[in-house]
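Peer 1:
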Amino acid sequence: MDAAPMDATALLLADSRFPGGGHAHSGGLEEAAARGLVTDEPSLASFLLGRLRTAGALAAAFAAAATGGGDLGALDAEFDARTPSPAQRAASRAQGGGVARAARRAWPSARLDALLAAQPRPHHPVIVGLLVRDPRDAARVVAYLAVTGPASAAVRLLGLDPLGVNAVLARLAGEVDAVAADAARHARTAPEDLPAPGSPALDLLAEAHDRHHREEVRLFAS
Amino acid sequence: MRSAVPLKLVPHRGRLRRADHALVHLVSATTAPLGGDDLALTVRVGPGAHLVLRGVAATVALPGHRPGGSRALVRVEVAEGGSLQYLPEPTVVTARARHEAVFEAELAGDARLRAREVLVLGRVGERPGHLVSTLSVRRGGPLLRQSVSVGAPEVDSSPACLAGRRVLGAEVLCWGHDPAEPVSRPWWSLVPLARGGSLATALADDAVTVGHALDQARQHHPGSGEF
Chain E
120 MDAAPMDATA LLLADSRFPG GGHAHSGGLE EAAARGLVTD EPSLASFLLG
170 RLRTAGALAA AFAAAATGGG DLGALDAEFD ARTPSPAQRA ASRAQGGGVA
220 RAARRAWPSA RLDALLAAQP RPHHPVIVGL LVRDPRDAAR VVAYLAVTGP
270 ASAAVRLLGL DPLGVNAVLA RLAGEVDAVA ADAARHARTA PEDLPAPGSP
320 ALDLLAEAHD RHHREEVRLF AS
Chain U
6 MRSAVPLKLV PHRGRLRRAD HALVHLVSAT TAPLGGDDLA LTVRVGPGAH
56 LVLRGVAATV ALPGHRPGGS RALVRVEVAE GGSLQYLPEP TVVTARARHE
106 AVFEAELAGD ARLRAREVLV LGRVGERPGH LVSTLSVRRG GPLLRQSVSV
156 GAPEVDSSPA CLAGRRVLGA EVLCWGHDPA EPVSRPWWSL VPLARGGSLA
206 TALADDAVTV GHALDQARQH HPGSGEF
């Protein structure tokens, strides 16, 4: 495993205090908790592992590919095709738009301007890849966020012990690194050939969450 | 039309044949797929032609004597004004099987496609082997690409993946107008894709329930009267 430290841009983007609006999303955890599918640390660990190996791996591959200077429009289209749930697409673009707002001030560049001119609300992994540059770091940021967002939502929604949840995340660290290392191989993969791991239950949870979000008050946007 | 063992194509000439489309049954003439098998089926639907391709029995993926897994590749092209309904029976992934299934469709501008896939994780009481199944639909650009992996117990049981359900169903509908809004119930949904087409998804503990859920989802498609 590469022991090189992550650059500070990657750390800022992965930080829960980064003002990108990521805190408003539970990644399906709120619906899973409402249905009693996640109730405690073991069921949370199971949820997070499944999420990491599917949605996390998908985001990681696209973040790595977006570092390579390839066609960002093609990446946007291929990520759409790999995200059948409209609620999941909206959540990804909401978070990508949040990163874009911060990035215009923090990391201005011609490539960022070109991306946002074509797509003002880019998918989250695509803009993270554009900002981070190193494929493994970019992949690690989105793989990490794929589990830390739902984990902190679980603390708030289920009243789980924050130290216990932190230990669950710590045990997933090796998996996060493995997903990032695998994704980093895709820095130069053609967009249409990128992996497409699906997560059917997450798609169903996201659509149900969206329906409930419109009918009643939910704490998280997704 | 050309068959090659073990995939036999049987055109339907019975009195139930409808004048507006051709019906062909897909019959597995031997036990397949077994480990080491590499099966391929290419379907080209010409301009204005309408084809329904139906399975008659479940596909049971089994381990074989030869090392390595089995593969099944189905490639379809549907030309302008044409339509294809691809409705195989469920695929059952038995213990120790290693199977890879790929369905790739390329559609002309106004071509129509309905393609169903039902994956069953092992026979009753059996732990499933490994399966990766990929659905890919393109119309110029990509409409849908999704790979589902089963057989890793920690992922199959995850509430994020299959939530412990034994059967997963998916049905792609690129059939005229798409549903304006997603429709969902706890364990099924019908959603419009980002760039055209729609997808029904269902999870349940048995194939009959998944079939009913996909039927229910399809009722919400604007073209549902035409199937």
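First to last, the sequence lines map onto chains E and U. Everything in the first sequence is counted per my numbering, starting at 120 for the first residue and increasing by one. Everything in the second sequence is counted per my numbering, starting at 6 for the first residue and increasing by one. Heads up, the beta-carbon is just placed ideally off N, CA and C, and yes, glycines get one too.
#1: Measure the alpha-carbon distance for SER135/E versus ARG171/U and round it to whole angstroms.
#2: With a threshold of 16 other CB atoms inside 10 Å of the CB of GLN224/U, please say whether the residue is buried or exposed.
#3: For ARG117/U, which of helix, strand or coil comes out of DSSP?
#4: Closer than 9 Å by beta-carbon distance: list the chain B residues that pair up with ALA212/U, in chain order.
#5: Measure from the alpha carbon of VAL83/U to the alpha carbon of each residue in SER138/U, GLU105/U, ALA54/U, then state which is nearest.
#6: Beta strand (DSSP E) containing ASP43/U: first to last residue?
#7: Let me know if GLY230/U comes out buried or exposed under the rule of 16 or more other beta-carbons within 10 Å of its beta-carbon.
#8: Can you tell me where the alpha helix (DSSP H) holding GLU326/E begins and where it ends?
#9: If you run the structure through DSSP and keep just helix, strand and coil, what is GLU122/U?
#10: With DSSP run on the structure shown, which of helix, strand or coil describes HIS181/E?
#11: Within 8 Å, do at least three Cβ pairs link the segment 150-165 of chain E to the segment 319-327 of chain E?
#12: Please list the segments of the alpha helix (DSSP H) lying wholly inside the segment 263-300 of chain E, counting only runs of 4 or more residues, in order along the chain.
#13: Name the residue from GLU109/U, ARG128/U, ALA218/U whose alpha carbon lies nearest to the alpha carbon of VAL81/U.
#14: In chain order, what residues of the same chain have a beta carbon less than 8 Å from the beta carbon of VAL98/U, not counting five sequence neighbours either side?
#15: Do TRP180/U and ARG117/U have their C-beta atoms closer together than 7 Å?
#16: Using CA atoms only, rank isn't needed, just tell me which of GLU111/U, LEU140/U, LEU46/U is closest to VAL10/U.
#17: Confirm, please, whether the CB-CB distance from VAL107/U to LEU149/U is below 7 Å.
#18: What does DSSP give as the partner residue(s) for SER141/U in the beta ladder?
#19: Should ASP121/E go down as buried or exposed, given a rule of 16 or more other Cβ atoms within 10 Å for buried?
#20: Does the contact criterion of 3 or more C-beta pairs under 8 Å hold for the segment 181-197 of chain U versus the segment 165-174 of chain E?
#21: For THR267/E and ALA273/E, what's the separation of their Cα atoms in angstroms?
Peer 2: Based on what the coordinates show:
#1: Indexing the first sequence from 1 puts residue 135/E at position 16. Indexing the second sequence from 1 puts residue 171/U at position 166. ARG171/U has its alpha-carbon roughly 36 Å from the corresponding atom of SER135/E.
#2: Against the second sequence, residue 224/U aligns to sequence position 219. Answer is exposed; the Cβ neighbour count stays below 16.
#3: Position 112 of the second sequence, counted from the first residue, corresponds to residue 117/U. Reduced to three states, the DSSP call for ARG117/U is strand.
#4: Going by chain labels, chain B is absent from the structure shown, which instead holds the protein chains E and U.
#5: The residue you call residue 83/U lines up with position 78 of the second sequence. Of the listed residues, the one whose Cα sits closest to VAL83/U is ALA54/U.
#6: Start at 1 with the first residue of the second sequence, and residue 43/U comes out as number 38. That run of the beta strand (DSSP E) goes 43-50.
#7: The residue given as residue 230/U occupies position 225 in the second sequence. With fewer than 16 other Cβ atoms within 10 Å, it is exposed.
#8: What you label residue 326/E is simply residue 207 of the first sequence in a count that begins at 1. Annotation: the continuous alpha helix (DSSP H) that includes GLU326/E extends over 319-334.
#9: Residue 122/U sits at position 117 when you count from the first residue of the second sequence. Three-state DSSP puts GLU122/U in a strand.
#10: The residue labelled residue 181/E in the question sits at position 62 within the first sequence. Inspection of the sequence shows that residue 181/E is occupied by Phe rather than by His. PHE181/E falls in the helix class under three-state DSSP.
#11: yes
#12: 281-290
#13: Along the second sequence, one-based indexing puts residue 81/U at 76. For the residues GLU109/U, ARG128/U, ALA218/U, the minimum Cα distance to VAL81/U belongs to GLU109/U.
#14: By 1-based counting over the second sequence, the position of residue 98/U is 93. Same-chain partners within the cutoff: ALA66, HIS104, LEU124, VAL125, LEU126, GLY127, PRO133, GLY134, HIS135, LEU136, VAL155, GLY156.
#15: For the purposes of this step, residue 180/U is taken as the residue at position 175 of the second sequence. For the purposes of this step, residue 117/U is taken as the residue at position 112 of the second sequence. Yes, the Cβ-Cβ distance between TRP180/U and ARG117/U is below 7 Å.
#16: Within the second sequence, residue 10/U is the residue found at index 5, counting from 1. That would be LEU46/U, whose Cα lies nearest to the Cα of VAL10/U.
#17: For the purposes of this step, residue 149/U is identified with residue 144 of the second sequence, where counting begins at 1. For the purposes of this step, residue 107/U is identified with residue 102 of the second sequence, where counting begins at 1. Taking 7 Å as the Cβ cut-off, LEU149/U and VAL107/U do not qualify as a contacting pair.
#18: Within the second sequence, the letter at position 136 stands for residue 141/U. GLU109/U, ARG150/U.
#19: Sequence index remark: in the first sequence, residue 121/E carries index 2 (1-based). With a pLDDT of 47 at ASP121/E, under the threshold of 50, the modelled position of this residue cannot be trusted; read the value that follows with caution. Per the 10 Å Cβ criterion, exposed.
#20: no
#21: If you number the first sequence from 1, residue 267/E lands on position 148. If you number the first sequence from 1, residue 273/E lands on position 154. Their Cα atoms are separated by approximately 10 Å.
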